[in-house]
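Residues 180 to 238 (the working numbering) are what the sequence shown spells out, left to right.
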Amino acid sequence: MSKAIVNEELCIGCGTCESLCPNVFKIEDGKSKVVAEDCGDCDCQAVVDSCPVNAISLQ
Ligand code: SF4
Numbered sequence: 180m181s182k183a184i185v186n187e188e189l190c191i192g193c194g195t196c197e198s199l200c201p202n203v204f205k206i207e208d209g210k211s212k213v214v215a216e217d218c219g220d221c222d223c224q225a226v227v228d229s230c231p232v233n234a235i236s237l238q
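In structure tokens, the structure reads:
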């Protein structure tokens, strides 16, 4: 299980991560916040790869 981290300085609040994995990512004040460790259900790497500014990493 990996935990996603969003670099808020890079995030442009596009909402792609939230739409792909709404259990983990929530857009608040124009930035994506990680609100859960892991949804256990999706491919975190796919979300990482979908971010247009490479603001998401996994640890
Ligand atoms: S996909 Fe990337 S830029 Fe878009 S809201 Fe998520 S972290 Fe921010």
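Glycine included, every Cβ here is placed at the ideal spot set by N, Cα and C.
Any non-hydrogen atom of the ligand SF4 closer than 6 Å to V227 Cβ: Within the sequence shown, residue 227 is the residue found at index 48, counting from 1. Because no heavy atom of the ligand SF4 lies under 6 Å away, the Cβ of V227 does not count as near it: no.
Beta-carbon contacts of V214 that lie in its chain and below 6 Å, excluding the five residues immediately before and after: Position 35 of the sequence shown, counted from the start, is the residue given in the question as residue 214. Excluding the 5 residues flanking it on each side, V214 has same chain C-beta neighbours closer than 6 Å at K205, in chain order.
Residues near I184 by beta carbon distance below 8 Å, same chain, minus five either side: Residue mapping note: residue 184 aligns to position 5 of the sequence shown, counting from 1. In chain order, V213, I235, S236, L237 and Q238 place their CB closer than 8 Å to the CB of I184, counting only its own chain and leaving out the 5 sequence neighbours on each side.
Assumed close pair C193, P231 - CB separation to whole angstroms, cut-off 8 Å: Along the sequence shown, read from residue 1 onward, the residue named residue 193 stands at position 14. Along the sequence shown, read from residue 1 onward, the residue named residue 231 stands at position 52. The C-beta distance from C193 to P231 rounds to 6 Å, short enough to meet the 8 Å contact threshold.
V226 in three-state terms, based on DSSP: The residue given as residue 226 occupies position 47 in the sequence shown. Residue state, collapsed to three classes: helix.
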